[in-house]
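Q: Converting from the sequence shown to my numbering requires adding 97 to each position, the first position being numbered 1.
For every residue, glycine included, the Cβ atom is placed at its ideal position computed from N, Cα and C.
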Amino acid sequence: MARYIGPKHKLARREGVNILDKQSPSLLRRLNTPPGMHVVRGKKRMSEYGEQLREKQKAKAVYGLLEKQFKSLVRTVEKKKGETGEMLIQLLETRLDNIVYRLGFAKTRAQARQFVSHKHILVNGKKINIPSFPIKIDDVISLVPAIQNNPQVVALTKEKNENLLPFLKREALVGKLIRMPKREDLVFPFDLQQIIEYYSR
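1. Can you check which of these residues, Val251, Asn247 and Arg280, is closest to proline 263 by C-alpha distance?
2. Leaving out the 5 sequence neighbours to the left and right, which residues in its chain are closer than 7 Å to valine 197 when beta-carbon positions are compared?
3. Among Pro228, Gln187 and Ile232, which one has its Cα closest to the Cα of asparagine 221?
4. Consult DSSP for isoleucine 292 and reduce its assignment to one of helix, strand or coil.
5. Mapping the DSSP letters down to three states, classify serine 239 as helix, strand or coil.
6. Alpha carbon to alpha carbon, what distance is there between serine 297 and valine 136?
7. Identify the residues that DSSP records as bridge partners of glycine 272: which are they?
8. Please classify leucine 274 as buried or exposed, where buried requires at least 16 neighbouring CB atoms within 10 angstroms.
9. Determine the extent of the alpha helix (DSSP H) in which leucine 193 is found, giving its start and end residues.
10. Below 8 Å CB to CB, which residues in the same chain sit around valine 241 once its five sequence neighbours on both sides are set aside?
11. Mapping the DSSP letters down to three states, classify lysine 153 as helix, strand or coil.
12. Between Gly201, Phe167 and Arg199, which has its C-alpha nearest leucine 185's C-alpha?
Here it is, written out as structure tokens:
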């Protein structure tokens, strides 16, 4: 199954969650209205399976992952000892494309993924072009010189670090993962437990 490349507003409305990486008043007003033509009818109660599927789809949409990629992450944490939900979040949040986005080097996760794929990102001084590359504690993430003067990148990195998550550190165009993410570090628009239960069937 190919990655969705259509209008992000349409995908956000389909999943009922803001996946645009920014606030959009027009989208927030319509989040509970699925795309397409509608007829007023009674809202059917969703089954337990349906609810779990919806939460899984939301998480995939937020992180921009395909089903095979997402399922692989879940299966990985299921084999480990520890809190499954938190371990899943750690795997999602420490993907290189997500770290590039979280550090403010890219405006969206899609752009961050593009930067990585085009070899614009360095990890410990080495070019990495794998978006799913796992970042470890104390790994240093930076931009290649050619992209540092990109007007959009310059504008983004001039913004203050007030919104930087507590597990990250950034100075100018250099960032670092200083510890593993914790569940309480983030606010999720999806239910982790529902996702774990979906894959436990």
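A: Checking against the coordinates, here is how it stands:
1. If we check each option's Cα against that of proline 263, Arg280 comes out closest.
2. Answer for valine 197: Ala203, Ala209, Phe212, Val213, Ile218 and Ile238, listed in chain order.
3. It is Ile232 whose Cα lies nearest to the Cα of asparagine 221.
4. Helix at isoleucine 292.
5. Shown here, serine 239 sits in a strand according to DSSP, grouped into three states.
6. Here valine 136 scores only 48 on pLDDT, less than 50, and its place in the model is too uncertain to base an answer on.
7. Paired residues: Ile238 and Arg267.
8. Classification of leucine 274: buried, given that the 10 Å Cβ count is 16 or more.
9. Run containing leucine 193: 193 to 199, per the alpha helix (DSSP H) assignment.
10. Non-local beta-carbon contacts of valine 241 in its own chain, meaning distances under 8 Å to residues more than five positions away in sequence, involve Lys216, His217, Ile218, Leu219 and Lys224 in chain order.
11. Here lysine 153 sits in helix by DSSP.
12. Closest in C-alpha terms to leucine 185, from the list Gly201, Phe167 and Arg199, comes Phe167.
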